[in-house]
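Engineer:
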């Protein structure tokens, strides 16, 4: 049984006549007739009740149609996957990144490049909502997200691959070392980036502060952890919250645990129709951080 035979059989089913099926396949009618007859002999079935003008499905043919369609669809899927893999050899992968991924991102990309050495990776640092929009519109192929709105991802047709959880810690001026976090929070402003860049983590920190009995005072904004830690925090003007892996070491600051704060989930989001390169990145990430 050959795939071409199944395709010709289904063409006759769809068009109802051998001659029309042959025209749709751009072959002679005799070719279709011979291939369908050969298929019947190989299967030991009578697929059509034939007249001079038409070919009507027999009962055996009716039962065979869904099986034939499954095989042809599987072949089409395999062809598309092969084309995608071929194109991936010299393609580009656009990936949205997050602040503070650090060595984790490097480990994932190193693993990915072992599997896909010819794929060029473009990294784009964007806020969480901007990354979700770019994924949904096809401007990104994949994106690392922290504390995303999973319902929003589902509504936009994106796939979510959870990778790791990371705790939050507070970085405070050294003079506040060992003091309760709620004392610090009532005295100093909380330095952080704008809410639009990562609303999930912003809301998590606010909720944690309220559980501790205070609303965070507004502190200075910043574009990098080093900037605020060695500036406003070390200068005694503010405190901030970072991922444990970002916790700085150095004079002028101290690290406090954040009571009641759950770990922040980081994962990889893929677009509605992820290509082979995006799926390879997901596999690499899950291999490095299962």
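Numbering (our numbering), first residue to last: 494 to 783.
Virtual Cβ for every residue (Gly too), placed ideally from N, Cα, C.
Answer yes if the stretch 644-659 comes into contact with the stretch 672-692, meaning at least three C-beta pairs across the two stretches below 8 Å, and no otherwise.
Structural biologist: Result no; under three Cβ-Cβ pairs closer than 8 Å.
Engineer: Taking the alpha-carbon of residue 684 as reference, which of 589, 500, 557, 715 has the nearest alpha-carbon?
Structural biologist: Here the question's residue 684 lines up with position 191 in the chain shown. Of 589, 500, 557, 715, the residue nearest in Cα terms is 715.
Engineer: Taking the alpha carbon of residue 542 as the reference point, which residue from 518, 773, 510, 561 has its own alpha carbon closest?
Structural biologist: Taking the chain shown and counting its residues from 1, one reaches residue 542 at position 49. Taking each of 518, 773, 510, 561 in turn and checking the Cα distance to residue 542, the smallest one comes out for 510.
Engineer: Considering only DSSP beta bridges, list what residue 613 is partnered with.
Structural biologist: Walking along the chain shown from the start, residue 613 turns up at place 120. Looking at the DSSP assignment, residue 613 forms a beta bridge with 585.
Engineer: Do the stretch 552-569 and the stretch 727-742 make contact, defined as three or more Cβ pairs closer than 8 Å?
Structural biologist: The stretch 552-569 is not in contact with the stretch 727-742.
Engineer: Going by C-alpha to C-alpha distance, which of 613, 506, 514, 758 sits closest to residue 553?
Structural biologist: Numbered from 1 along the chain shown, position 60 holds the residue referred to as residue 553. It is 506.
Engineer: Let me check understanding here. Comparing Cα to Cα, which of 518, 772, 764 lies closest to residue 645?
Structural biologist: Start at 1 with the first residue of the chain shown, and residue 645 comes out as number 152. Nearest option by C-alpha distance: 764.
Engineer: Between the C-alpha atoms of residue 513 and residue 650, what's the straight-line distance to the nearest angstrom?
Structural biologist: Counting from 1 along the chain shown, the entry for residue 513 is found at position 20. Counting from 1 along the chain shown, the entry for residue 650 is found at position 157. If you take the alpha carbons of residue 513 and residue 650, they lie about 39 Å apart.
Engineer: Should residue 777 and residue 617 be called a contact, given that it needs their Cβ atoms to be closer than 7 Å?
Structural biologist: Position 284 of the chain shown, counted from the first residue, corresponds to residue 777. Position 124 of the chain shown, counted from the first residue, corresponds to residue 617. No. Outside cutoff.
Engineer: Take residue 601 as the anchor and find which of 701, 584, 636 has the nearest alpha-carbon.
Structural biologist: Numbered from its first residue, the chain shown carries residue 601 at position 108. For residue 601, the nearest C-alpha among the options comes from 636.
Engineer: For a minimum of 3 consecutive residues, which ranges assigned as the beta strand (DSSP E) are wholly contained in the stretch 667-701?
Structural biologist: The qualifying runs are 682-684.
Engineer: Are there three or more Cβ pairs, one per stretch, closer than 8 Å when the stretch 746-764 is compared with the stretch 607-615?
Structural biologist: A contact between stretches requires three or more CB pairs, one per stretch, nearer than 8 Å, and the stretch 746-764 fails this requirement with the stretch 607-615.
Engineer: From residue 712 to residue 623, what does the alpha carbon distance come to, in whole angstroms?
Structural biologist: Here residue 712 refers to the residue found at position 219 of the chain shown. Here residue 623 refers to the residue found at position 130 of the chain shown. In a straight line, the C-alpha of residue 712 is about 24 Å away from that of residue 623.
Engineer: Regarding residue 747 and the ligand HEM, is the C-beta to nearest heavy atom distance less than 6 Å?
Structural biologist: The ligand content of the structure shown is nil, which means the ligand HEM is not present either.
Engineer: In whole angstroms, give me the CA-to-CA distance for residue 583 and residue 631.
Structural biologist: Taking the chain shown and counting its residues from 1, one reaches residue 583 at position 90. Taking the chain shown and counting its residues from 1, one reaches residue 631 at position 138. Caution is warranted here: a pLDDT of 46 is assigned to residue 583, below 50, making its placement in the model unreliable, and the coordinate value is therefore given only provisionally. Roughly 19 Å separates the two Cα atoms.
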